[in-house]
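Chemist: Residue numbers (my numbering), protein chains in the order written: chain L, 598 to 838; chain A, 598 to 838.
Glycine included, C-beta positions come from ideal geometry on N, C-alpha and C.
Right, I'll just put the structure down here and ask away after.
Protein chains: 2
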Amino acid sequence: MERAKIRLHVDHPLGQGQAVPLTQDQAHYLFSVMREGPGSKVALFNGRDGEWTAEVAEAAKKGGRLVCLEQAAAQLNPPDLWLIFAPIRKERTDFIVEKATELGCARVLPVQTDFTNAQRIRQDRLQAHALEAAEQCLGTYVPPVDDLVALNALMKGWDPARRILWADESLVGPAETLSGLAPGPWAILIGPEGGFSEAERARLRGLDFVTPVSLGPRILRADTAACAAITLWQAALGDWR
Amino acid sequence: MERAKIRLHVDHPLGQGQAVPLTQDQAHYLFSVMREGPGSKVALFNGRDGEWTAEVAEAAKKGGRLVCLEQAAAQLNPPDLWLIFAPIRKERTDFIVEKATELGCARVLPVQTDFTNAQRIRQDRLQAHALEAAEQCLGTYVPPVDDLVALNALMKGWDPARRILWADESLVGPAETLSGLAPGPWAILIGPEGGFSEAERARLRGLDFVTPVSLGPRILRADTAACAAITLWQAALGDWR
Chain L
598 MERAKIRLHV DHPLGQGQAV PLTQDQAHYL FSVMREGPGS KVALFNGRDG
648 EWTAEVAEAA KKGGRLVCLE QAAAQLNPPD LWLIFAPIRK ERTDFIVEKA
698 TELGCARVLP VQTDFTNAQR IRQDRLQAHA LEAAEQCLGT YVPPVDDLVA
748 LNALMKGWDP ARRILWADES LVGPAETLSG LAPGPWAILI GPEGGFSEAE
798 RARLRGLDFV TPVSLGPRIL RADTAACAAI TLWQAALGDW R
Chain A
598 MERAKIRLHV DHPLGQGQAV PLTQDQAHYL FSVMREGPGS KVALFNGRDG
648 EWTAEVAEAA KKGGRLVCLE QAAAQLNPPD LWLIFAPIRK ERTDFIVEKA
698 TELGCARVLP VQTDFTNAQR IRQDRLQAHA LEAAEQCLGT YVPPVDDLVA
748 LNALMKGWDP ARRILWADES LVGPAETLSG LAPGPWAILI GPEGGFSEAE
798 RARLRGLDFV TPVSLGPRIL RADTAACAAI TLWQAALGDW R
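Below you can see the structure in the form of structure tokens.
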């Protein structure tokens with residue numbers, strides 16, 4: 598069966614013969630915008646059950662029903678890697694969420710730091726952005742995006758079993774070899790533009806579960822650092838091996 | 598001496614006591630926009646001589662003169678890595694040039710492929726974008742951005758001494774260990790959205806100097822693939838070691 602060109606994220610369970618109701622927005626998109634109708638094939642994913650090819654069984658103005666025919670791709674969950682980052686300008690924040698989704702992070706945690714300008718974030722908008730990134734890159738997993746928390750509060754309640762790889766912008770030199778790191782749950786921590794404050798740096802240096810790492814001899818923007826750190830972790834400990 | 602906050606790229610040689618004339622645009626920016634004047638400190642780089650702290654010696658409406666006081670950062674050239682990529686939408690093309698500059702590529706070569714929409718590029722705009730990326734990230738090197746050439750023509754005249762790491766989107770599986778690759782001059786090749794055509798793939802597979810590599814089990818956008826491939830190469834063979 599040819600892979601369907603239109604791809605939709607649904608909340609409904611997916612499986613052989615499973616009927617899936619459409620929301621009004623989805624029905625509008627499918628039948629009015631894309632001009633599809635009964636018999637059309639659509640790819641569905643819900644973040645848990647892989648990708649399914651479904652057929653339009655009923656099309657109406659304000660709803661509709663699809664039926665799952667066969668699984669087109671198995672569920673691909675990311676390794677147990679979280680990304681902690683300090684939101685920066687809107688465009689670059691969107692970019693970081695997009696890249697975390699594409700490169701395979703399991704969860705995204707925006708944090709407020711001493712040099713972060715953002716007092717709050719549009720969590721719903723960022724979550725929608727992660728979903729869109731998964732939709733576009735044929736991903737079957739959408740990382741949950743948390744609401745903004747203060748870095749200090751996050752570190753206070755942190756489970757030390759999950760180690761943190763800290764992209765320490767003061768370590769401008771040869772990068773650590775990440776292949777020496779222990780496997781297990783990890784999080785990558787990326788600072789805002791302007792880096793971390795001295796107080797934050799002292800605190801991070803004092804935490805046993807935090808490993809500072811250098812990302813080469815150049816100064817990287819926060820979004821570039823996020824891409825580079827996730828890539829190195831994936832190649833050393835993740836599912837790129 | 599404190600690092601100057603304003604950073605300018607100039608074409609002029611830089612060195613101890615060297616006088617550097619300002620263009621009309623630079624004078625306007627420094628004296629009218631930024632309200633600087635005689636005695637102000639400015640950071641200068643020209644892509645060859647590192648970064649210099651200079652002092653404004655003369656300020657006029659349509660020009661001016663700076664004098665270099667001391668070198669603030671040594672010249673940091675990238676390793677001998679080129680990036681070949683197929684221009685996509687404007688925003689993502691800009692992004693690839695920016696990331697190639699930040700992550701440390703020596704040259705950027707946009708290519709036209711069977712699935713590339715672009716018939717021509719604004720080379721001057723992309724070059725300015727590389728310069729801006731270096732300016733903002735305190736880089737001292739600006740990679741030259743070539744004009745658009747056809748992939749076939751580029752491969753025909755290619756010096757086989759420079760090996761090509763081809764991010765082959767059909768290899769969706771565990772990534773190669775790049776640490777096994779031989780050092781020397783390299784280029785990374787990233788395809789457009791939609792990948793390479795079958796004819797292009799067959800041709801690339803037949804070239805001795807081309808090594809296909811996988812970037813993990815997920816489908817990556819072209820800009821993400823560029824970031825990931827440069828990162829892996831830098832960590833394995835470049836100056837991130």
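Spatial neighbours of residue 766 (chain A) within its chain, please: CB distance less than 6 Å, with the 5 preceding and 5 following residues excluded, ordered by chain position.
Modeler: 792
Chemist: Would you list the one or two residues that DSSP bridges to residue 640 (chain L)?
Modeler: L:604, L:650
Chemist: Where does residue 763 (chain L) fall in DSSP's three states?
Modeler: strand
Chemist: Tell me, please, whether the CB atom of residue 815 (chain L) is closer than 9 Å to any CB atom in chain A?
Modeler: yes
Chemist: Excluding the 5 residues flanking residue 782 (chain A) on each side, which residues of the same chain have their C-beta closer than 7 Å to its C-beta?
Modeler: 677, 758, 759
Chemist: Using the beta-carbon of each residue, which ones in chain L are nearer than 7 Å to residue 836 (chain A)?
Modeler: 813, 814
Chemist: Using a C-beta to C-beta distance shorter than 8 Å, which residues of chain L count as neighbours of residue 668 (chain A)?
Modeler: Going along chain L, no residue has its Cβ under 8 Å from residue 668 (chain A), so there is no contact; the nearest lies around 17 Å.
Chemist: Express the C-alpha separation of residue 673 (chain L) and residue 719 (chain L) in angstroms, rounding to a whole number.
Modeler: 27 Å
Chemist: For the alpha helix (DSSP H) holding residue 709 (chain L), just list the boundary residues, first then last.
Modeler: Premise fails: residue 709 (chain L) lies in the beta strand (DSSP E), 704-709, not in any alpha helix (DSSP H).
Chemist: Roughly how many angstroms separate the alpha carbons of residue 665 (chain L) and residue 723 (chain L), rounded to a whole number?
Modeler: 29 Å
Chemist: Check the Cβ of residue 696 (chain L) against every Cβ in chain A and list those closer than 7 Å, keeping chain order.
Modeler: 821
Chemist: Helix, strand or coil for residue 665 (chain A), going by three-state DSSP, please let me know.
Modeler: Three-state result, residue 665 (chain A): strand.
Chemist: Just the C-alpha distance for residue 754 (chain A) and residue 714 (chain L), rounded to the nearest angstrom, thanks.
Modeler: 50 Å
Chemist: Could you confirm whether any beta carbon from chain A is found closer than 9 Å to the beta carbon of residue 735 (chain L)?
Modeler: yes
Chemist: Determine the DSSP secondary structure at residue 700 (chain L), reduced to helix, strand or coil.
Modeler: Residue 700 (chain L) carries a helical assignment under DSSP once its states are collapsed to helix, strand and coil.
Chemist: When the distance is taken between beta carbons, is residue 605 (chain A) closer than 9 Å to residue 661 (chain A)?
Modeler: no
Chemist: List the residues of chain A that residue 831 (chain L) touches, going by C-beta distances under 7 Å, in chain order.
Modeler: 813
Chemist: Measuring only the C-alpha atoms, how far is residue 828 (chain L) from residue 629 (chain A)?
Modeler: Residue 828 (chain L) and residue 629 (chain A) have their C-alpha atoms spaced approximately 43 Å apart.
Chemist: Could you please give me the residues that DSSP links to residue 786 (chain A) through a beta bridge?
Modeler: A:681, A:763
Chemist: Against chain L, with Cβ distances strictly below 9 Å, would residue 699 (chain A) count as a contact?
Modeler: yes
Chemist: For residue 673 (chain A) and chain L, any beta-carbon pair shorter than 9 Å?
Modeler: Yes, contact with chain L.
Chemist: To the nearest angstrom, how far is the alpha carbon of residue 729 (chain A) from that of residue 736 (chain A)?
Modeler: Cα to Cα, residue 729 (chain A) sits roughly 10 Å from residue 736 (chain A).
Chemist: Does DSSP classify residue 751 (chain L) as helix, strand or coil?
Modeler: helix
Chemist: Any C-beta of chain A sitting closer than 9 Å to the C-beta of residue 686 (chain L)?
Modeler: no
Chemist: How many angstroms separate the CA atom of residue 682 (chain A) from the CA atom of residue 707 (chain A)?
Modeler: 5 Å
Chemist: Can residue 763 (chain A) and residue 801 (chain A) be called in contact, C-beta distance under 9 Å?
Modeler: Residue 801 (chain A) sits close to residue 763 (chain A), with the two beta carbons spaced by under 9 Å.
Chemist: Just to check my reading of the structure: residue 704 (chain L) and residue 819 (chain L) have Cβ atoms closer than 8 Å, yes? What is that Cβ distance to the nearest angstrom?
Modeler: The Cβ separation is near 18 Å, so there is no contact.
Chemist: According to DSSP, is residue 792 (chain A) helix, strand or coil?
Modeler: coil
Chemist: Since residue 640 (chain L) and residue 671 (chain L) are thought to touch, with beta carbons under 8 Å apart, how far apart are those beta carbons, to the nearest angstrom?
Modeler: At roughly 14 Å, the Cβ-Cβ gap does not stay under 8 Å, so residue 640 (chain L) and residue 671 (chain L) are not in contact.
Chemist: List, in chain order, every chain B residue whose beta-carbon is nearer than 8 Å to that of residue 824 (chain A).
Modeler: The chain inventory of the structure shown lacks chain B, comprising the protein chains L and A.
Chemist: Which residues in the same chain have their Cβ closer than 6 Å to the Cβ of residue 824 (chain L), if we skip the five residues on either side of it in sequence?
Modeler: 696
Chemist: Chain L beta carbons: is any one of them nearer than 9 Å to that of residue 692 (chain A)?
Modeler: yes
Chemist: Determine the chain A residues that contact residue 818 (chain L) at a beta-carbon separation under 7 Å, and present them in chain order.
Modeler: 699, 734
Chemist: Rank L:726, L:621, L:648, L:616 by C-alpha distance to the C-alpha of residue 603 (chain L) and give the top, closest one.
Modeler: L:648
Chemist: If we ignore side chains and look at the alpha-carbon of each, how far apart do residue 721 (chain L) and residue 727 (chain L) end up?
Modeler: 10 Å
Chemist: Should residue 789 (chain A) be labelled buried (16 or more other beta-carbon atoms within 10 Å of its own) or exposed?
Modeler: buried
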